[in-house]
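Respectively, the protein sequence lines represent chains V and L. Going by my numbering, the first residue of the first sequence is number 3, and it counts up by one from there. Going by my numbering, the first residue of the second sequence is number 550, and it counts up by one from there.
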Amino acid sequence: MNYPGEHLWPGLLGHFLIILSFVASLVATIAYFKSSNARLDNEALSWKRLARLSFIVESAAVFAVFGIIYFIVSTHKFEYYYAWNHSSKDLSASYLFSCIWEAQEGSFLLWTIWHSILGLILINKAGKWEAPVMTVISFAQLCLATMIIGIYLGDAKIGINPFLLVREVFQDAPIFSRQDYLSLESMQDGKGLNQLLQNYWMVIHPPVLFLGFASTIVPFAYAIAGLWKKDYTGWTKIALPWSLFSACILGLGIMMGAAWAYESLSFGGFWAWDPVENASLVPWLIMVAGLHTQVIFNATGHSLRATYLFFILSFFFILFSTFLTRSGVLGDSSVHAFVDNGMNWQLIIFMAVFLLPALFLFFKNYKQVPHINKEEATDAREFWMFIGSLVFFLSALVITYQTAFNPIYNKITGATTAAPEDPEFAYNKIQIFVAVVLGLLSAIAQYLKYKNTSRAYFIKKMAVPTLLSLIISLSISIWGGINFTKHGAGFLGAIHLAIFASVYAIIANAAYIWSGLKGNLKTAGASVAHVGFGMMLLGILIASAKKEVLSRNNGILLNFGKESKENPMENLTLVKGLRTDMGKYWATYEHNDSLTNFGNINYFKINFESKTGGDKFTLYPNLIRNTKGQEGFSNNPDAKHYFTKDIFTYISYASTIDREKDTASYKPYAVKLNDTIFYSTGFMVLNKVTVNPDNDKYHYTTGDTALMAEIKITSYDSSGYLARPVYAVKNAQVAVLPDTVFSQNLAIAFTKVLNDKEIELQVKESGKMIPFVSLKVYEFPHINVLWLGTIVMIIGFVMSMWRRVKQYRSA
Amino acid sequence: MKKTHIIILVLIAAAIAVLISFTGNITTYETVASARQKEGKFVRMIAKLDKTQPIQYDAIKNPNFMVFTAVDTLGQTTKVVYHNSKPTDFEMSERLVLNGKMQNGQFECKEMLMKCPSKYKDDPNAAKKNLTTN
């Protein structure tokens, strides 16, 4: 059948380019492989020429594929499933990019693109390592191309083609029996971008994170090249900037995700130990371990075997995270993994084709990899750096086990195990000790010299920073109000210990820039990164341990004993216009407004007023209407940022949610002046009827036709209220403007003028009339220390990278 | 034996101890009947909202108190008390994971995971329902 209005050429071209990228990366892999193994120079060179050409063709093809998807989405070609399911007409240009990485296909493509860019840089810079390193990267490109190739081999589906049409995805839907299906209402707009992803972090976080993912392949590829070419040591110096780059960007991407979770998701924090978060943290931890052992090797000749293992596993855990988040095994245990797309076997094979050959090469060459038999001295820097790397690595393994045990165990055995009662604490109680050890080690290790250190030197240099850290951390512990008793005294003790360790890391590393490096900032990258890392630890500790729920109404909530600790009453209801006691603050819900043209975001204006100081501010937490045809809303927080704390709030419930479901109905009454109507908790009297009222509420003039009834309401507790509904006629149209008395749950409408001196009033009693919001309000103290620490750490990485690049360029 | 080896062994032993203690802490998914058998013990109960029964929630009186009835796949029902606000699209939920414990014949729910037709995920079947001819 022929369907008018479809644009088929972008899809055909796009799919052709995907197949081209598949073939080109296959050719590049083989040619680079041949070039690496060639015995003769000119043979190697001619293979390399072919390989480079293929890789460039492959790169051009994936860029073009990306461009075509953007074209389809941005020009709203809703005959394509990608545009139809992931975008809509109301999205701004930056969110159109988010649509591309909302789906699995797009995020694979993003990954491929970063590999291409890294590959092109390596072609320029890697020199004699180009052929073996690029063999690995071309092979990864080949595997990634299969993820979006979308072909069938017999019954097995290989990859998902991003250029499918809606009618190809839902072949049996009756709508496609019509030639003109594109003109139907349901094809006029897409299902939209998930409401939670409509956030600026979602534009920037995925590209950075995927660059981090992609970059882990470079140290991996160098390690493989070293084992394969039996040049075990030649790569460790030139690859150092790449490991620094990878740790830097992956760390940045993870923290951007944390910022996104903090700002736009209502998980109540920046980190929830969600499997998707853990899956990207684990490769970073191992990359950092590998980075440190690599530095040790370059300086002393120790730890090369560990370096190989860490780089292999860091990349493997990237693949494993891909499997975890995309295979659907996480199911109930994560809120934001992808669903099973029927690609599980493909993802498992993807892991195996990298892990098995890599481990084979590693163990086959294990004996030949140089190592020093004599052990490191306990007063040598490399000894403690190695222990630190090992702690990073074990921490990564423990997190992996905790994340993946239940879903995988259940998948295999059919059991129904689930996370512990308090899943976050299950991680925190272990990782806090990791933080203690790493904080202490990063403080001390730089003051030790490689090989061995004289005791006098060490004590002299360490004394002042140690004393200073003790004073500062004790001040925080004593006067900082760290009182996190939820998990008992032991955990609180660990928090205090970790505060000391992180303060120690900050001060000792900052001091080292002067006392150890004589203020030479060129070589201070590591110290700066360690200061940043210490600040991150400190920020995490204080912001989490001192996170405080502000939205409690202390008037109602007395001490409920043990239960109140377990069931914190975290929501507070604010009735519109009513100034409400909220602990340290007065809170008032002013009004709500839809600011977008499509009415899909509803902002609530909440005023806060500090009880002690004159501090006043307004926050606009909002509700976003769910996209993709879902009913209901998602909440989107707002926060007031201070230098020392954040006040963070989101809507947990609002009367607007219920409004559509108000089932109470109006009851009519015919009344004359001074007649009385009774309602469930009082009575009302019609006092007078005014023609064309001009008062504080209505402004009618003599040219209008409007009647206002004035009704005096008396409740049984003798409170008096006034209601003023209006009946007006304009351009032969009747307008009924009801009035409401929230405290009595009353709505009164003036609906008809009956005969002389008699009017019809309609009265409704409903609990759902009062506009209100229920809020959660948290205070996160010193969260800026975490964000600032992240920036400092990134700067430190960049400084180190800069120095290493220059160093080995001149070498 | 080298010092490094000793430290490695100690660390690995610590890691294993941690893993074993973690495995001891893991919970299980239960039905209403099996959760009743484990009265007082923290479980994760998989059930649905019983839409034939009323949901009791009045945010003005108390935004932290909700009572509803849950029904599992075997048809067993239980009253659930949840000390938090009603999730925004609770009535639309298809499946609930209720974390808490049975106490005095009712389920004291501490935390609730809602599975909506597709809240965070792309569910092609949900999208397909939107493909109507009108």
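All C-beta atoms, glycine included, are put in the ideal place defined by N, C-alpha and C. All figures in this text were calculated on a predicted structure; none of them were measured in a lab.
Handout entry: Which of helix, strand or coil DSSP assigns to I497/V
Key = helix
Exercise for the section: Put F388/V into one of helix, strand or coil per three-state DSSP. Expected result: helix
Practice task
Taking 8 Å as the cut-off, decide whether the C-beta atoms of T651/V and L472/V are in contact.
Solution key: no
Problem - Beta-carbon proximity list for R593/L, same chain, < 6 Å, skipping 5 on both sides - result: T576, Y578, V646, N648
Handout entry: Residue nearest to L756/V in terms of C-alpha spacing, selected from I401/V, L540/V, P670/V
Key = P670/V
Handout entry: Cβ of T601/L within 8 Å of any chain A Cβ
Key = No chain A appears in the structure shown, which is made up of the protein chains V and L.
Problem - Rounded straight-line distance, which links the Cα of G589/L to that of G563/V - result: Caution applies to G563/V, whose pLDDT of 41 falls short of 50 and renders its modelled position unreliable; the model cannot decide the point.
Practice task
List in chain order: all unbroken beta strand (DSSP E) runs of 3+ residues lying wholly within the region 608–695 of chain V.
Solution key: 618–621, 624–627, 635–638, 640–643, 647–656, 669–673, 678–681, 684–693
Exercise for the section: For P6/V, I'd like the list of residues in its chain whose CB is within less than 8 Å of its CB, leaving aside the five on either flank, ordered along the chain. Expected result: Q181, D182, L184
Practice task
Spell out the partners DSSP gives L155/V in its beta bridges.
Solution key: A158/V
Practice task
Report all residues from its chain with a CB closer than 6 Å to the CB of F80/V; omit the five preceding and five following residues, and keep chain order.
Solution key: W86, M189, G192
Practice task
Report yes if the C-beta distance between T792/V and M464/V is below 8 Å; otherwise report no.
Solution key: no
Problem - Under the three-state DSSP convention, the category V466/V falls into - result: helix
Exercise for the section: State the DSSP-derived secondary structure class of Q143/V, mapped to helix, strand or coil. Expected result: helix
Problem - Residue-chain proximity (Y774/V, chain L), Cβ-Cβ < 8 Å - result: Per the sequence presented here, residue 774/V reads as Phe, with Tyr not at that position. At least one chain L Cβ lies under 8 Å of F774/V.
Practice task
Anything in chain V within Cβ reach of K635/L, meaning under 7 Å, just list it in chain order.
Solution key: Y655
Problem - Contact with chain V by K597/L, beta-carbon distance below 8 Å - result: no
Practice task
With 7 Å as the limit, tell me which residues of the region 342–361 of chain V have their beta carbon closer than that to any beta carbon of chain L; keep them in chain order.
Solution key: none
Practice task
Look up R328/V in the DSSP assignment and say whether it is helix, strand or coil.
Solution key: helix
Practice task
Kindly indicate which three-state DSSP category W203/V falls into: helix, strand or coil?
Solution key: helix
Exercise for the section: Please confirm if A147/V has its CB atom under 8 Å from at least one CB of chain L. Expected result: no
Problem - CB contact check: Y652/V to chain L, cutoff 8 Å - result: no
Handout entry: Enclosing beta strand (DSSP E) for R41/V [first to last residue]
Key = Where R41/V is concerned, there is no enclosing beta strand (DSSP E), given that its DSSP letter is neither H nor E.
Practice task
Closer than 8 Å by beta-carbon distance: list the chain V residues that pair up with T576/L, in chain order.
Solution key: T419, A420, A421, P422, E423
Exercise for the section: With 8 Å as the threshold, decide whether the Cβ of V400/V is near any Cβ in chain L. Expected result: yes
Practice task
Would you mind telling me which residues of chain L sit closer than 7 Å to Q404/V, beta carbon to beta carbon, in chain order?
Solution key: F571
Practice task
Just list the alpha helix (DSSP H) runs in the region 403–451 of chain V, keeping only unbroken ones of 4 residues or longer that don't cross its boundaries, in chain order.
Solution key: 425–446
Practice task
Between the Cα of K578/V and those of I515/V, T658/V, S553/V, A503/V, spot the shortest distance and give me the residue it belongs to.
Solution key: T658/V
Exercise for the section: Using a Cβ-Cβ cut-off of 8 Å, state whether F18/V counts as contacting chain L. Expected result: no
Handout entry: CB of F322/V within 8 Å of CB of M353/V, strictly
Key = yes
Handout entry: E781/V (DSSP reduced to helix, strand or coil)
Key = strand
Exercise for the section: Check whether the Cβ of M584/V lies closer than 8 Å to any Cβ atom in chain L. Expected result: no
Exercise for the section: Step through the CB atoms of chain L and report whether any lies within less than 8 Å of the CB of M428/V. Expected result: Per the sequence shown, residue 428/V should be read as Ala rather than Met. It does; some Cβ of chain L falls within 8 Å.
Handout entry: Exposure of K618/V, with buried meaning 16 or more beta-carbon neighbours within 10 Å
Key = exposed
Exercise for the section: Check the Cβ of N408/V against every Cβ in chain L and list those closer than 7 Å, keeping chain order. Expected result: I575
Exercise for the section: Hey, could you find the ends of the beta strand (DSSP E) K754/V is sitting in? Expected result: 748–755
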